[in-house]
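As structure tokens, the structure follows; a few thoughts come after it.
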Amino acid sequence: MRINGSDSASNAAVPNGGAYSPPFATLLEAIEAAAATDRGYRFFDVRGKLARSLPYAELAQRARFLAGRLASRFERGARLALVAETGADFLTTFMACQYAGMIPAPLPLPVNLGGKEGYLNQIRLMTVGAGAAAIIGPESLKGFLVEAVETLPDVVAMSFGELETASNDDSAAVPFGPGEDCYIQYSSGSTSAPKGVIGTQRTVAANLFGITRYGLDLQPEDHAVSWLPLYHDMGLIGFALSPLYCGMGVDYMATSDFVRRPLMWLRLITEYNATVTYSPSFGYELAAKRSARAEEGAIDLTKLRVAGIGADMVRPEALDAFATAFAPHGFDAGAFLPSYGMAEATLAITFTKVGQPIEVDQVDMRHLNRSGIAQPASAVTSKENQRSFVMCGTPLPNHALEVRGPEGDPLSEREVGRIFIKGPSLTPGYFRNPDATADMYHGEWLDTGDMGYMLDGQIVITGRAKDLIILNGRNIWPQDIEWAVEETPGVRKNGVAAFSVDDGSNERIVVVIERRGGMDADGLADLKRDISKTIQTAAGAPAEIVLARPHSMVMTSSGKLSRAKVKQKYLSGAFDTSHDGPAKVVAEAGV
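Under the working numbering, residue 1971 is the last one in the sequence shown; the count climbs by one each step, no gaps.
Written out as structure tokens, the structure is:
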């Protein structure tokens, strides 16, 4: 079964009876158009105070200035690894690359990626993978950058400030044309061999046009607030390039500041009458948990018309909690906008309709796990065997989506299979990785690696194919275990990773849990028993439980727990569980 993007599925009608023609052929054209407006980027500190304003006119002027500095130092076509802090320096340098004909490769900030050595290894691998001539970042990280590339004699480490004082050669700065590349985007989930997704001027233009015109129907009078990291595709494409593309202003707070003070996100929306924002489910959940601290009158969400959800599995329970908590503050649950996307499609693939309530499909999970068919839950389906899946809409115009079975055959409605996509937003491939590119493409169709099913003309995402646990012929989705365990008192939110391990003779489930601190031996024993029962109910199978110390889990560069990296750390025996009790306990069936 196939879903084709069409005007009937869009939030705005396709002009001229079906023409899908981006107004800008290059990102530079969009920058120049935005420079004619009075809008731009603004950056706020953790207390919500304006720290820096960067109008689009100044952005264009400074980008042209820096392009001459880049051209004096590096050859046209050079790749430059840029540490993507939430600030004017990164965005200006990223845009300067467009004027200089150089390819930026955004790098993550040092969140919990396995400590200092883990971070240095991560950015070193990305820099090498991009074949970068330089790694450039904030002055505060200059020491890290130097250390990361000290074994790479052909790579220069420098700060954004040093670039400002470099010699100038405006004549050598030749901007990118429509047929050239735009950037290299590394997946936040990349591990030992990160893959760089090539974004071209054409793929970026196609996706930005789709997002701004059809997905969100953005207007210049709209205003956005974002805490999303700029090294993630949803932050960079969705909330740096998309606002620029349509001349919309956007206010930023750093991701680390959001984690500390999530209500500041909502206060910025309130103070500046923002109409558009986006977050993974966990962001809405975190804000809901702090809602009791919201002072009366301090938060007003009545102007917010789009509260998008993306970047991970959509959790209806988290959205319900947010809607309930902030309804008294003017939030309309109809603002929620589920969507589906990935870096390989630039960003967006599908959207639901703006202003319409979320549609949820209640599924019998026992039937799904055994048959691969998402049968609706009935009155006799036990609560433990029910699961709510959020419908994620239809493709952008000129794009298409299919769900296929193991042999590549299109599946019928409610049959779960692999999701394939095609359209003008798709990457031509991974940078200098032809094997991975060949594995990803099947003719003109791209294998997303995601699993899902069709329902009423929309796509429903069930999880990542590589994460699916197959035990004794049954399919077990790791997020079902993780979400259930997260509800256990004593377990940190976003602190559970479930995966399977093949020991050569059989496959078994392992669940690594970041426990809270300050628990005595009796408390830990009780916690293990509670978790054992929860896993048995959620998975119907025993699991090895690893209770990890606080702050020992490994996160992706976008701030989410990395299941793949946690598994890697588990297999290396690196989790320290020695402080409060035994390292491991096996949850036996029926316990």
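All C-beta atoms, glycine included, are put in the ideal place defined by N, C-alpha and C. Treat the numbers as computed from the prediction; the structure is a model and nothing was measured.
Contact check, residue i vs residue j under 8 Å by CB: the rounded distance?
| i | j | result |
| --- | --- | --- |
| A1476 | G1576 | Not really, about 20 Å apart at Cβ, beyond 8 Å. |
| R1459 | A1485 | 6 Å |
| I1578 | F1811 | 5 Å |
| G1920 | I1893 | Actually they do not touch by this definition, with Cβ atoms about 19 Å apart. |
| K1468 | R1432 | Checking the displayed sequence, the identity of residue 1468 turns out to be Ala instead of Lys. At roughly 5 Å, the Cβ-Cβ gap stays under 8 Å, so A1468 and R1432 are in contact. |
| Q1565 | A1723 | 5 Å |
| G1752 | V1796 | 5 Å |
| A1728 | I1591 | 5 Å |
| A1667 | H1709 | Actually they do not touch by this definition, with Cβ atoms about 11 Å apart. |
| A1512 | V1526 | At roughly 14 Å, the Cβ-Cβ gap does not stay under 8 Å, so A1512 and V1526 are not in contact. |
| G1903 | P1930 | Wrong, their Cβ atoms sit about 14 Å apart, outside the cutoff. |
| L1621 | L1407 | 7 Å |
| L1462 | F1454 | The pair is not a contact, with the Cβ atoms about 13 Å apart (cut-off 8 Å). |
| R1895 | L1941 | Going by Cβ atoms, the distance from R1895 to L1941 rounds to 14 Å, so no, they are not a contact pair. |
| Y1594 | L1776 | 6 Å |
Which residue wins for smallest C-alpha separation from residue i, given the options the options?
| i | options | result |
| --- | --- | --- |
| R1449 | A1816, A1553, A1698, K1763 | A1553 |
| G1517 | Y1594, V1934, R1593, T1472 | T1472 |
| M1644 | H1822, R1427, A1414 | R1427 |
| P1804 | S1636, V1694, R1582 | R1582 |
| L1610 | R1750, S1932, R1444, P1488 | P1488 |
| D1561 | T1807, Y1821, L1434 | T1807 |
| A1780 | D1827, I1893, A1754 | D1827 |
| P1737 | F1711, D1550, F1662 | F1711 |
| A1923 | L1904, R1929, A1901, V1881 | V1881 |
| S1452 | T1545, Q1948, E1824, K1522 | T1545 |
| L1532 | T1507, R1442, H1612 | T1507 |
| G1690 | F1638, N1855, R1647, F1619 | F1619 |
| A1654 | S1606, F1716, V1946, P1574 | S1606 |
| C1772 | H1612, G1677, R1695, F1470 | R1695 |
| I1679 | G1688, G1663, Y1652 | Y1652 |
| P1555 | A1405, G1615, K1496 | A1405 |
| L1588 | V1946, D1900, I1617 | I1617 |
| L1851 | E1887, T1817, H1747, K1945 | E1887 |
| G1557 | T1580, P1786, A1573, G1785 | T1580 |
| L1717 | K1733, A1725, T1726 | K1733 |
| H1612 | A1464, L1907, M1633, G1809 | A1464 |
| K1945 | P1574, D1900, D1637, I1915 | P1574 |
| A1725 | W1825, S1932, N1548, G1663 | W1825 |
When DSSP builds the beta bridges, which residues end up paired with residue i?
| i | result |
| --- | --- |
| K1802 | A1780 |
| R1432 | F1423 |
| S1671 | Answer by DSSP bridge pairing: none, since S1671 is not bridged. |
| S1880 | I1889 |
| A1928 | E1894 |
| R1382 | E1782 |
| M1935 | L1941 |
| W1825 | H1822 |
| H1603 | G1629 |
| G1576 | Y1566 |
| R1844 | D1830 |
| R1767 | V1743 |
Going along the chain, which residues of its own chain have a beta-carbon closer than 7 Å to the beta-carbon of residue i, five neighbours each way excluded?
| i | result |
| --- | --- |
| S1671 | A1705, F1706 |
| M1538 | A1514, I1516 |
| N1778 | G1385, Y1400, G1803, P1804 |
| T1774 | I1383, G1385, A1389, T1730, G1837, Q1838 |
| A1757 | Q1742, V1743, D1744, Q1766 |
| A1414 | Y1436, L1624, G1627 |
| S1570 | For S1570, the predicted structure reports a pLDDT of 43, less than 50, and the residue's modelled location is therefore unreliable. A value from the coordinates is still provided. If we look at S1570 and ignore the five residues flanking it on each side, it has no Cβ neighbours. |
| L1430 | R1422, F1424 |
| I1649 | V1605, T1657, L1681, L1684 |
| K1949 | V1934, F1955 |
Might you give, ordered along the chain, the residues of its own chain that have their beta carbon closer than 6 Å to the beta carbon of residue i, omitting 5 neighbours on each side?
| i | result |
| --- | --- |
| D1860 | A1918 |
| A1528 | L1500, I1503, R1504 |
| A1368 | This structure cannot settle anything about residue 1368, because the visible part of the chain is limited to 1381 through 1971. |
| E1519 | S1539, G1541 |
| M1693 | Q1859 |
| A1480 | A1447, L1450, A1451, A1553 |
| R1442 | T1472 |
| H1747 | Q1755 |
Quick check: is any heavy atom of the ligand SAM less than 7 Å from the C-beta of residue i?
| i | result |
| --- | --- |
| A1901 | Ligands displayed in this structure: none; no statement on the ligand SAM is therefore possible. |
Once the 5 residues before and after residue i are set aside, which same chain residues still bring their CB inside 8 Å of it?
| i | result |
| --- | --- |
| H1822 | G1788, F1800 |
| I1911 | V1865, T1868, V1871, V1891, I1893, I1925, A1967 |
| S1952 | none |
Query raised in the report: Does the region 1737 to 1747 touch the region 1756 to 1770, meaning 3 or more C-beta pairs lie closer than 8 Å?
Result: yes
Query raised in the report: Looking at C-beta atoms only, is the number of pairs between the region 1621 to 1639 and the region 1588 to 1607 that lie closer than 8 Å three or more?
Result: yes
Query - Given 8 Å, three or more beta-carbon pairs between the region 1695 to 1703 and the region 1676 to 1684 - result: no
Query raised in the report: At a cut of 8 Å, does the region 1838 to 1845 reach the region 1417 to 1425 through at least three beta carbon pairs?
Result: no
Query raised in the report: Per the contact definition of three or more C-beta pairs closer than 8 Å, is the region 1656 to 1664 in contact with the region 1432 to 1449?
Result: no
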